[in-house]
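Residues 1061 to 1190 (the numbering used here) are what the sequence shown spells out, left to right. Where a beta carbon is used, it is the ideal one built from N, C-alpha and C, also for glycine. Quick notes on the structure that follows.
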Amino acid sequence: MIYKVVSPLLGFENIKEMQLLKIDDIFFSLNDVNKDNGIIFTLIDPYKLRNYDIEVPKSYQELLRLTKKSDIRVCNILILQNPIENSTVNFLAPLIFNKTDKLMGQIVLDNIKYQNYSIVDKISNYLSKS
């Protein structure tokens, strides 16, 4: 699905449209619609890893046109490493997708309020040890 970027990804302010592709139940690919840029992010569903409870600030709710009826998806950027256990997740700056209105944006959470979330949290902290 293609989304209009209404709150830019940090460092990628020039990207206006992105396509979200589901890889499996936990991973997604987020691609710049302008293929010339070659910008691709690997995203992860945080709810599949841990207890993840966030409140979208009012200003972002308005920007993303979020209502109680909005179908939303929350993802986090994953920095893939080899082996995957060394990969890191940015839990402090989630991406919010309003699937109803096809709008998306990155929000930055208050690190004081969300002290349990980090910008470089190792995925190995959440993988089964079995």
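Three-state class that DSSP yields for residue i in the structure shown
{"i": "Ser-1130", "result": "coil"}
{"i": "Ser-1089", "result": "strand"}
{"i": "Gln-1121", "result": "helix"}
{"i": "Lys-1108", "result": "helix"}
{"i": "Glu-1077", "result": "strand"}
Selection from the options that minimises the alpha carbon distance to residue i
{"i": "Lys-1159", "options": "Asn-1146, Arg-1125 and Leu-1187", "result": "Arg-1125"}
{"i": "Ser-1178", "options": "Tyr-1186, Phe-1151 and Asp-1170", "result": "Phe-1151"}
Residue i versus residue j: straight-line alpha-carbon distance, rounded
{"i": "Glu-1077", "j": "Glu-1122", "result": "19 Å"}
{"i": "Glu-1145", "j": "Lys-1129", "result": "37 Å"}
{"i": "Leu-1080", "j": "Pro-1106", "result": "16 Å"}
{"i": "Asn-1094", "j": "Phe-1101", "result": "14 Å"}
Sequence-distant residues of the same chain with beta carbon closer than 7 Å to residue i, five excluded per side
{"i": "Asp-1092", "result": "Ile-1075, Met-1078 and Ile-1099"}
{"i": "Arg-1133", "result": "Phe-1157 and Lys-1159"}
Proximal residues to residue i (C-beta, below 8 Å), its chain only, five neighbours per side dropped
{"i": "Lys-1204", "result": "No answer is possible for residue 1204: it lies beyond the span of the chain, which begins at 1061 and ends at 1190."}
Nearest-angstrom Cβ-Cβ length linking residue i and residue j, presumed shorter than 8 Å
{"i": "Gly-1165", "j": "Tyr-1120", "result": "7 Å"}
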